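In full-length UniProt numbering, the protein residues as written are 1 to 390.
All C-beta atoms, glycine included, are put in the ideal place defined by N, C-alpha and C.
Small disclaimer: the values here were computed from a predicted structure and weren't measured.
Here's the structure we're looking at; comments come further down.
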């Protein structure tokens, strides 16, 4: 079965259907009742997860992973010339939680920070953005990780200070506390798996053993070669993706990791996830799903900063999944959220509630009129990481 292209596809982008993947029946989770109208990978309906009426209401999304404090020069200069800086949280998983909260979902971030002002900055900022931070562990013996951006004419260097941080010490024992807040989807990324051996064990435990229950696991590959080191990364990330229900990966990073050439070859390599989202930067996103294969073109915008666009795409798509929207609308919501972050100098954006975003997409003109081509977010970050100092 094949899907149909999104309704706002520009005329100059081919929109032929891709042959649907042969998805093994065993690869599609059947646990839990589907939310009404949600042809998803066993997504429980809101209100069906908490058996104890006195327990907190179930979350829409639990995001698990590392968050650091990002320090950037306020006026765009380098670290040696600008003496005013902006501090904000920087973490792929917490970005998704914050963006989904803006879209109207109940979200929480679970991770570890130091018992220090940087840890308070992270939890306080996320709390202000509507994210539940009650599951965050404060580590009295390890600091919160920090990274600095150093813009220059040659590009942006990134300087990381995460060795021995609280986040690198996250471990499988942390999971017990997270069971108190069941969620309809758990979201993870390959970054947490790369920062330490304990982090890899934790992510493996979450995707393989499913200690948080039957709800589907969403996994964003987020390849960071510098964190893995020589000879590591491709096999580990492939294994994690194959054990996940929903996978987000860039076409370019899949090519770098596994030698694939296009969305079809990525699906051939990854037949197991019920939902595979292959993002091709400024071109399109392709969704391989139990309902068929769907694609939608990226929105063309004047890019201010590409960082966080991939997280925003995941947030928009997951919002559409949880709200029971059709496949094309999920992709369009992902592109819409990503475009708003591309227009922002930070990795966040003031997104409207999801129903308003959908109304804008349905009633507004096709967003294809600018000639600007967004950079490949993952590629840009990986290039910056290669010149990073740890």
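Quick test of the definition: if touching needs 3 or more C-beta pairs under 8 Å, does the region 183 to 197 touch the region 55 to 69?
yes
Going by CA-CA distance only, name the one from 309, 325, 297, 291 that's closest to residue 96.
Check the Cα spacing between residue 96 and each of 309, 325, 297, 291: the tightest is with 309.
Using only the alpha-carbon positions, how far apart do residue 177 and residue 151 sit?
40 Å
Which of helix, strand or coil DSSP assigns to residue 176:
helix
Drop a sphere of 10 angstroms on the beta-carbon of residue 86, count the other beta-carbons inside from all chains shown, and report buried for 16 or more, exposed for fewer.
Residue 86 is exposed by the Cβ-count criterion.
For residue 250: DSSP bridge partner residues:
279
Proximity to residue 183 [Cα-Cα], best of 329, 166, 110
For residue 183, the nearest C-alpha among the options comes from 110.
Across which residues does DSSP place residue 81 in a beta bridge pair?
Looking at the DSSP assignment, residue 81 forms no beta bridge with any residue, so it has no partner.
Between residue 312 and residue 338, what straight-line distance do the alpha-carbon atoms span, to the nearest angstrom?
5 Å
I'd like the ranges of any alpha helix (DSSP H) spanning at least 4 consecutive residues and lying wholly in the region 190 to 224.
190 to 194, 197 to 204
Okay, do the region 257 to 272 and the region 230 to 239 touch, 3+ Cβ pairs below 8 Å being the bar?
yes
Assuming contact is defined by CB atoms lying nearer than 9 Å, are residue 245 and residue 217 in contact in what I supplied?
Contact: yes.
Taking just the CA atoms, how far does residue 169 sit from residue 197?
9 Å
Enumerate in chain order the residues of its own chain whose CB-to-CB distance from residue 132 is below 8 Å, with the five nearest sequence positions on each side excluded.
59, 106, 107, 108, 109, 181
Reducing DSSP to helix, strand and coil, say where residue 66 ends up.
coil
Enumerate in chain order the residues of its own chain whose CB-to-CB distance from residue 100 is below 8 Å, with the five nearest sequence positions on each side excluded.
60, 61, 107, 315, 318, 319
Which term fits residue 163, buried or exposed, when burial requires 16 or more other beta carbons within 10 angstroms of its beta carbon?
Burial state of residue 163 is exposed, judged by a 10 Å Cβ sphere holding fewer than 16 other Cβ atoms.
Please classify residue 272: does DSSP put it in a helix, a strand, or coil?
DSSP places residue 272 in coil when its eight states are reduced to three.
Ignore the nearest five residues each way along the sequence and tell me which others in residue 270's own chain have a CB closer than 7 Å to its CB.
241, 242, 247, 276
Indicate the three-state DSSP secondary structure (helix, strand or coil) for residue 61 in the structure shown.
strand
N-terminal and C-terminal residue of the alpha helix (DSSP H) that residue 98 is part of
92 to 102
Please state if the CB of residue 296 and the CB of residue 331 are separated by a distance shorter than 9 Å.
For residue 331 and residue 296, yes; Cβs fall inside 9 Å.
In whole angstroms, what separates the C-alpha of residue 335 from that of residue 283?
Spanning the alpha carbons of residue 335 and residue 283 requires a straight line of approximately 11 Å.
Quick check on residue 224: buried or exposed, where buried means 16 or more other Cβ atoms within 10 Å of its Cβ?
The residue is buried, with at least 16 neighbouring Cβ atoms inside 10 Å.
Boundaries (first-last residue) of the alpha helix (DSSP H) holding residue 315:
Per DSSP, residue 315 belongs to the alpha helix (DSSP H) from 309 to 322.
Mind reading off the beta-carbon distance from residue 43 to residue 185? Whole number of angstroms is fine, and I expect it under 8 Å.
7 Å
Opposing strand residues paired with residue 107 [DSSP bridges]:
61, 131
Which word fits residue 117, buried or exposed, when buried means at least 16 other C-beta atoms lie within 10 angstroms of its C-beta?
exposed
Using the C-alpha atoms, what's the distance from residue 209 back to residue 90?
28 Å
Taking the alpha-carbon of residue 172 as reference, which of 212, 326, 251 has the nearest alpha-carbon?
212
Output the distance between the C-alpha atoms of residue 392 and residue 281, rounded to the nearest integer angstrom.
As displayed, the chain neither begins before 1 nor continues past 390, which places residue 392 out of reach and without an answer.
Quick check on the DSSP output: the beta strand (DSSP E) that includes residue 112 runs from which residue to which?
112 to 114
DSSP puts residue 148 in a beta bridge; with which residues?
71, 159
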